[in-house]
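Asker:
Residue numbers (this note's numbering): 134 to 587.
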């Protein structure tokens with residue numbers, strides 16, 4: 134099928150590459166000519182495992198192309214995806230200006246019926262607004278007879294495994310009441326449903342709400358575990374034991390019940406705020422989700438609080454090593470990342486940051502520039518030079534295995550604050566390190582772990 138995609142951000146680019154890879158002819162549009170030139174050279178504008186090869190293969194095969202001209206997209210695609218940003222306004226609502234602007238562009242160039250597929254995360258009722266916007270634009274051109282079919286097709290991608298999620302989706306939610314659009318979407322996604330049917334058709338509003346509901350449920354599990362972890366510390370219990378105990382119940386399971394230093398990224402925080410705003414506008418505030426947000430807002434500061442407790446004389450003049458800047462592994466995305474809250478708090482106290490991340494170094498430099506109290510190091514071990522303490526913000530795989538004796542010899546205060554519970558507290562204590570995780574039972578440094586020598 135001939136498919137156009139407006140927006141080459143995370144969602145649009147991943148979706149376009151996946152559709153091209155199964156044989157569709159895809160044209161991507163973006164208003165940034167520099168981004169278009171970069172993508173035409175098969176150079177990804179986002180960090181995602183496997184994306185570079187996928188772009189190169191499909192560009193060479195002629196199935197994937199890029200342009201900055203909206204007219205090219207409308208002329209090319211019988212199906213047109215809208216995958217532009219919906220940033221949060223000050224009141225938490227989703228800003229639909231980009232979505233509606235693209236809709237007007239499409240209607241301005243249409244000369245036959247088109248199907249518009251909303252891939253952006255949008256509030257309930259957006260499909261109705263897009264339909265009305267397109268109809269008004271067509272009416273101004275005297276083309277009321279043209280039909281615009283609007284489909285809600287939310288994405289459920291996880292940064293760091295987005296290509297796999299797109300190529301092998303758990304489900305494909307499609308909101309439409311139009312039989313033609315239904316047939317088109319069935320044909321479009323047939324290559325992704327070879328093993329079993331993954332398409333789930335419903336009305337537009339239910340599809341729009343499904344996206345928000347999914348993220349809200351996952352965020353709720355995270356905040357629940359974080360609040361429970363904080364309680365276990367007060368009670369002298371161990372959150373890892375509790376996690377395994379409740380996760381063994383098949384009604385609960387192990388997914389998204391790992392305690393940590395709060396969720397970030399482009400989806401959960403923004404989508405929760407948008408859903409809360411929608412609920413309040415409808416006259417039905419969501420009290421549970423408000424608490425989920427409040428817990429996360431508090432949890433974002435827990436790394437700094439734990440660190441500050443170990444330096445009663447203050448953090449001014451201290452050098453703090455940080456492992457992990459991205460909000461999660463396998464991405465360079467630092468939007469609302471725990472590392473940002475930690476670094477900014479440290480700088481306010483007069484501390485110096487020595488940081489490393491496998492992917493997010495350039496993004497960190499873009500956000501904070503060159504400053505005397507920020508040293509972006511070439512390796513994780515370089516961050517330890519002359520450092521007083523180490524804080525782990527992101528659970529990258531190459532942080533999992535470390536030499537505890539090396540840490541003990543490098544860190545002046547021998548303090549490690551672990552926001553992801555990567556290590557066994559007893560092993561670090563045996564190495565003479567003061568280790569504090571999230572909800573873990575404290576072990577006194579110098580205490581031999583079972584089977585280890587002090």
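The beta carbon of each residue, even a glycine, is placed where N, CA and C say it ideally should be.
Bear in mind the structure is a predicted one, so any value in this text is a computation, not a measurement.
When the Cα atoms are used, what is the spatial distance from residue 519 to residue 497?
Answerer: 21 Å
Asker: Cβ of residue 572 within 9 Å of Cβ of residue 365?
Answerer: yes
Asker: Using CA coordinates, which residue listed in 547, 524 and 265 is at the minimum distance from residue 488?
Answerer: 524
Asker: Measuring CB to CB, does residue 226 end up less than 9 Å from residue 410?
Answerer: yes
Asker: Report the rounded CA-to-CA distance for residue 208 versus residue 283, giving the unit in angstroms.
Answerer: 17 Å
Asker: For the segment 226-251, list the beta strand (DSSP E) runs that are entirely contained and at least 3 residues long, ordered along the chain.
Answerer: 247-251
Asker: If you count every other CB in all the chains shown that lies within 10 Å of the CB of residue 503, and 16 or more means buried, which is it?
Answerer: exposed
Asker: Take every Cβ of the segment 260-280, pair it with every Cβ of the segment 317-327, and state whether three or more of those distances are shorter than 8 Å.
Answerer: no
Asker: Could you tell me which of 416, 184 and 324 sits nearest to residue 145, measuring between CA atoms?
Answerer: When each option's Cα is compared against that of residue 145, the closest is 184.
Asker: According to DSSP, simplified to helix, strand and coil, what is residue 577?
Answerer: Coil, per DSSP.
Asker: When burial is assigned at 16 or more other CB atoms within 10 Å of the CB, is residue 350 buried or exposed?
Answerer: exposed
Asker: Got a sec, what are the start and stop residues for the alpha helix (DSSP H) residue 517 sits in?
Answerer: From DSSP, residue 517 is part of no alpha helix (DSSP H); its letter is neither H nor E.
Asker: Can you tell which of 566, 142 and 413 has its C-alpha closest to the C-alpha of residue 443?
Answerer: 566
Asker: Apart from the five residues just before and just after residue 385, which ones in its own chain have a Cβ nearer than 8 Å to its Cβ?
Answerer: 379
Asker: Rounded to whole angstroms, what is the Cα-Cα separation between residue 549 and residue 143?
Answerer: 34 Å
Asker: What is the DSSP secondary structure of residue 134, counted as helix, strand or coil?
Answerer: The answer is coil: DSSP assigns residue 134 none of H, G, I, E or B.
Asker: Please list, in chain order, all residues of the same chain as residue 558 whose beta carbon is under 6 Å from its beta carbon, the five residues on each side excluded.
Answerer: 568, 573 and 576
Asker: Counting Cβ pairs, one atom from each stretch, are 3 or more of them under 8 Å apart for the segment 536-543 and the segment 472-489?
Answerer: no
Asker: Any idea what DSSP makes of residue 161, helix, strand or coil?
Answerer: strand
Asker: Please return the same chain residues whose Cβ sits closer than 6 Å to the Cβ of residue 238, not counting the five positions on each side in sequence.
Answerer: 203
Asker: Within 10 angstroms of the Cβ of residue 387, are there 16 or more other Cβ atoms? Answer buried if so, exposed if not.
Answerer: exposed
Asker: If contact is defined by three or more beta carbon pairs under 8 Å, each pair taking one atom from either stretch, is the segment 165-179 in contact with the segment 240-250?
Answerer: Result no; under three Cβ-Cβ pairs closer than 8 Å.
Asker: Could you name each continuous alpha helix (DSSP H) segment of 4 residues or more that falls completely within the segment 297-383, going from the start of the chain to the end?
Answerer: 312-322, 337-368 and 372-380
Asker: Could you check where the alpha helix (DSSP H) with residue 480 kicks off and where it finishes?
Answerer: 471-481
Asker: Sort 194, 229 and 201 by Cα distance to residue 169 and report the nearest one.
Answerer: Closest option to residue 169, Cα to Cα, is 201.
Asker: Could you give the distance in angstroms between the alpha-carbon of residue 555 and the alpha-carbon of residue 190?
Answerer: 37 Å
Asker: Have a look at 455, 193 and 463 and flag the residue whose alpha-carbon is nearest the alpha-carbon of residue 486.
Answerer: 455
Asker: Would residue 308 and residue 325 be called neighbours here (beta carbons separated by less than 9 Å)?
Answerer: Cβ atoms of residue 308 and residue 325: not closer than 9 Å.
Asker: On the premise that residue 397 lies in contact with residue 129, defined as a C-beta separation below 8 Å, what is that separation, rounded to the nearest angstrom?
Answerer: Residue 129 is absent from the structure shown; the chain starts at 134 and stops at 587.
Asker: Tell me the DSSP bridge mates of residue 524?
Answerer: 455 and 550
Asker: Taking the continuous beta strand (DSSP E) assigned at residue 282, which residues delimit it?
Answerer: 281-285
Asker: Within 10 angstroms of the Cβ of residue 449, are there 16 or more other Cβ atoms? Answer buried if so, exposed if not.
Answerer: Taking every protein chain shown into account, the CB of residue 449 has fewer than 16 other CB atoms within 10 angstroms, so this residue is exposed.
Asker: Spell out the partners DSSP gives residue 568 in its beta bridges.
Answerer: 549
Asker: Within 10 Å of its beta-carbon, does residue 359 have 16 or more other beta-carbons around it, so buried, or fewer, so exposed?
Answerer: buried
Asker: Does the Cβ-Cβ distance between residue 527 and residue 400 come in under 9 Å?
Answerer: no
Asker: Is the beta carbon of residue 515 closer than 9 Å to that of residue 492?
Answerer: no
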